[in-house]
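Numbering (the UniProt record's numbering), first residue to last: 1 to 134.
Every residue gets a Cβ at the ideal spot worked out from N, C-alpha and C, and that includes glycine.
What you are looking at is a predicted structure, and each value in this text was computed from that prediction instead of being measured.
Below you'll find the structure, written out as structure tokens, and then a few comments.
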């Protein structure tokens, strides 16, 4: 379990909590108030898939004007697409077995000196930063 960086401030009669949550979607977040409005808890998770052995997916060869692009050998298994003066070769697709998954959970709690009204919390998740106004 990781602890995301957070900033807590008081703005007049409300608290403002900003939590850095890059890569977290709003549906993967749980924000709750407990202990009579004195504790705020932010929990969530991230889930990603990535290749275990990233292989270059192709190569780009630039040809000078007037030169013919090199011919593809029959032994090659990639596909070739020509766009303008650049030739792009795409390697075969990686199998799903060549992927790894990454999951991370996090939790952060705050205890306030005065109770907050959980029904009046506003939340905004923008560019990986969750902002709560309580």
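Taking C-beta separations shorter than 7 Å and ignoring five residues to either side along the sequence, the partners of residue 118 in its chain run 33 and 37, following chain order.
Straight through space, the alpha carbons of residue 35 and residue 8 are spaced by roughly 19 Å. With respect to residue 12, residue 29 sits apart: the two C-beta atoms are not nearer than 8 Å. Rounded to whole angstroms, the separation of the alpha carbons of residue 39 and residue 6 is 15 Å. In this structure, the CA atom of residue 123 is about 32 Å from the CA atom of residue 100. Inclusion of residue 18 and residue 129 in the CB contact set at 8 Å is warranted, their separation being smaller than that value.
Counting only the Cα atoms, residue 102 lies some 32 Å from residue 134. For residue 42, the beta-bridge partners assigned by DSSP are 31 and 108. Separation of the CB atoms of residue 41 and residue 109 is rounded to 5 Å, and the pair is thereby assigned contact status at 8 Å.
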